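Notes follow the structure.
Chains as they are written, first to last, in the numbering used here: chain A, -18 to 274; chain B, 12 to 332.
Given below as structure tokens:
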């Protein structure tokens, strides 16, 4: 484990990525304090101050209906990070369960689960996400006030992305489980009469952890990207709750009058996603037992 | 070989069938239904009229029965009428498929033409300065939000410099090839920037792996020049996984260009899928989504075939179908 940290710390790109992510997370956590300090309400509309330039009160100016851009960016970061982490973790849990079961049990169950995985991978991802994001939840039996609430739009995004995002982890975990299963300590545990669920969770899971960590780090970036796309299209996080994606929804029309409004949210998505991807890539190298150093 | 193909094709058909049911069910959960749309278009309709219409169109029947009726019609090639285009769904789908094929085909070819040679070249010195710079660029391409990239390109090329149109396709019979190409430039550039990084990284990884093999050392020991070792000995083997990945991705490209097509108003499959879903055009959305699924499945089948065909170590009998 210490070697992993050493390798990571020597990778300057990975260190920079970790710093970027830490900074975004810290600022997002401090959002309420920042709002109090600046004395602005992120949802307060001020039609007399539309598209205002940066000032002492609005550090990054205001948007097309006079809301503070900086504060909405910070709050949008909260939403994006939450969705990214929650959906990536949920997908990792589903994928790990599927992969462990398939790899450890083998046989018909393995065939079934892997065909299911292949099937999900074969789906046209983006159109399907759009359909699921556009569903009318009240037709599923949810009361209309719950179905239309901001919390519902948040959890819906997490759920649908997790629902299609577990396949990579499932495949990696299954592969790793297949090789760990044949080792002596597993045979010893089974021989002592350890129940299968315990063998899977206590003896196999810790040994297949590194591919899970790498795949999950990479998928946080991917999830943030998908969330931003859906929110941009008006199907994800619903205004007035800000997200980096939905802040760009009107940007295409405003691109001639206020180009900076289109630049900031995209730049933050880009920086966060590339940091996740670079960190995941560095983790992969650092955790690779065959690599040198 | 034939048995393997038949088994895989059968499996793909099964997935397609399951998906058709899933998509049919999901579309039914979209806000509004055709009769609601008629009500909103005609204020004189009473609830009794609506109920009668629902019965007439079979909308009051259970999901399974409605799906069965749709499937029987679909198998005869009848996908119903498109609300948005006011013509049969398949007739609306046709031109969109052609538009997407032109756009996606061009950008796919360009992305590969950039990524594959660059990937081979950069693999010679992994960890070097050029490698690290290119790696960062690749990650930038993978990590950029597609719609934002499109906005930035529009901002630069169409607004600031005013050299290229911001979107659409040339209308009218007078539009020539050059005009068409000008309209295609920005969406193609977007797609190339988005795709090339991923392909480059695959090519690089496969090439590094191939260069580690014993036969490469043997070739070097024989005194072959570096170019010959790279191109004749390492490259063919490195291409096997790359071809597979590329084939896997190709099917998804048709719907994957959804954002780019929507941003640049390019009348292809992706924009059609988005517009039909958002415009409550259920018949068209179903047909288009199924077609997109079919293409992805075909891409997967192609990837399997390419893999087995290119790698002589794989015998079809050993492949689990």
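Yeah, the Cβ is synthetic: ideal placement off N, Cα and C, and Gly gets one too.
All of these numbers come straight from a predicted model, not from anything done at the bench.
Endpoints, alpha helix (DSSP H) assigned at residue i
i, result
"residue 83 of chain B", "74 to 86"
"residue 120 of chain B", "100 to 133"
"residue 89 of chain B", "Taken as a continuous stretch (DSSP letters only), residue 89 of chain B belongs to no alpha helix (DSSP H), as it is neither H nor E."
"residue 192 of chain A", "190 to 213"
"residue 38 of chain B", "13 to 39"
"residue 247 of chain A", "240 to 268"
"residue 269 of chain B", "269 to 274"
"residue 95 of chain A", "88 to 102"
"residue 143 of chain B", "140 to 154"
"residue 110 of chain A", "106 to 115"
"residue 126 of chain A", "125 to 128"
"residue -8 of chain A", "Per DSSP, residue -8 of chain A belongs to no alpha helix (DSSP H) and is neither H nor E."
"residue 180 of chain B", "Unbroken run through residue 180 of chain B: none, as it is neither H nor E."
"residue 206 of chain B", "188 to 222"
"residue 159 of chain B", "157 to 164"
"residue 132 of chain A", "131 to 146"
Beta-carbon gap between residue i and residue j smaller than 8 angstroms
i, j, result
"residue 64 of chain A", "residue 150 of chain A", "no"
"residue 42 of chain B", "residue 49 of chain A", "no"
"residue 163 of chain A", "residue 85 of chain A", "no"
"residue 238 of chain B", "residue 310 of chain B", "no"
"residue 265 of chain A", "residue 195 of chain A", "yes"
"residue 177 of chain B", "residue 189 of chain B", "no"
"residue 101 of chain B", "residue 90 of chain B", "yes"
"residue 214 of chain B", "residue 130 of chain B", "yes"
"residue 204 of chain B", "residue 160 of chain B", "yes"
"residue 154 of chain A", "residue 193 of chain A", "yes"
"residue 59 of chain B", "residue 46 of chain B", "no"
"residue 119 of chain A", "residue 219 of chain A", "no"
"residue 166 of chain B", "residue 210 of chain A", "no"
"residue 295 of chain B", "residue 93 of chain B", "yes"
"residue 250 of chain A", "residue 157 of chain B", "no"
"residue 95 of chain A", "residue 141 of chain A", "no"
"residue 80 of chain A", "residue 137 of chain A", "no"
"residue 141 of chain B", "residue 133 of chain B", "yes"
"residue 162 of chain B", "residue 122 of chain A", "no"
Neighbourhood of residue i by C-beta distance below 6 angstroms, restricted to the same chain and skipping five residues each side
i, result
"residue 274 of chain A", "With a pLDDT of 41 at residue 274 of chain A, under the threshold of 50, the modelled position of that residue is not reliable, and the figure given next carries that caveat. Nothing listed; no residue qualifies."
"residue 30 of chain B", "304"
"residue -2 of chain A", "256, 259 and 260"
"residue 330 of chain B", "Note that residue 330 of chain B scores 49 on pLDDT, short of 50, meaning its location in the model is unreliable; the coordinates nonetheless yield the value given after this. If we look at residue 330 of chain B and ignore the five residues flanking it on each side, its Cβ neighbours are 15."
"residue 272 of chain B", "279, 281 and 282"
"residue 69 of chain A", "197, 200, 201 and 204"
"residue -16 of chain A", "none"
"residue 314 of chain B", "255, 258 and 259"
"residue 75 of chain A", "147"
Outcome for residue i when other beta-carbon atoms lying within 10 angstroms are tallied against a minimum of 16
i, result
"residue 210 of chain B", "buried"
"residue 35 of chain B", "buried"
"residue 69 of chain B", "exposed"
"residue 44 of chain A", "buried"
"residue 126 of chain A", "exposed"
"residue 223 of chain B", "exposed"
"residue 247 of chain B", "exposed"
"residue 88 of chain A", "exposed"
"residue 171 of chain B", "exposed"
"residue 96 of chain B", "buried"
"residue 36 of chain A", "exposed"
"residue 53 of chain A", "buried"
"residue -8 of chain A", "buried"
"residue 276 of chain A", "Since the first residue of chain A shown is -18 and the last is 274, residue 276 of chain A is not available in this structure."
"residue 229 of chain B", "exposed"
"residue 234 of chain A", "exposed"
"residue 174 of chain B", "exposed"
Cutoff 8 angstroms; reference residue i; Cβ partners in own chain excluding five residues on either side
i, result
"residue 145 of chain A", "101, 104, 106, 109 and 110"
"residue 332 of chain B", "Residue placement at residue 332 of chain B is poorly supported in this model, since its pLDDT is 43, which falls under 50; the coordinates are not used for a value here."
"residue 117 of chain B", "195 and 199"
"residue 1 of chain A", "252, 253 and 256"
"residue 90 of chain A", "82 and 83"
"residue 150 of chain B", "208"
Chain-order list of residues whose beta-carbon lies under 7 angstroms from that of residue i (same chain, five-residue window excluded)
i, result
"residue 266 of chain B", "280, 281, 284 and 303"
"residue 221 of chain A", "24"
"residue 299 of chain B", "104, 280, 283, 284 and 287"
"residue 316 of chain B", "none"
"residue 213 of chain A", "226, 227, 229 and 230"
"residue 231 of chain B", "240"
CB contact check: residue i to chain D, cutoff 8 angstroms
i, result
"residue 219 of chain B", "Of the chains in the structure shown, none is chain D; the protein chains are A and B."
Any non-hydrogen atom of the ligand GDP closer than 7 angstroms to residue i Cβ
i, result
"residue 87 of chain A", "Absence of the ligand GDP from the depicted structure is noted, as is the absence of any ligand whatsoever, leaving it without description."
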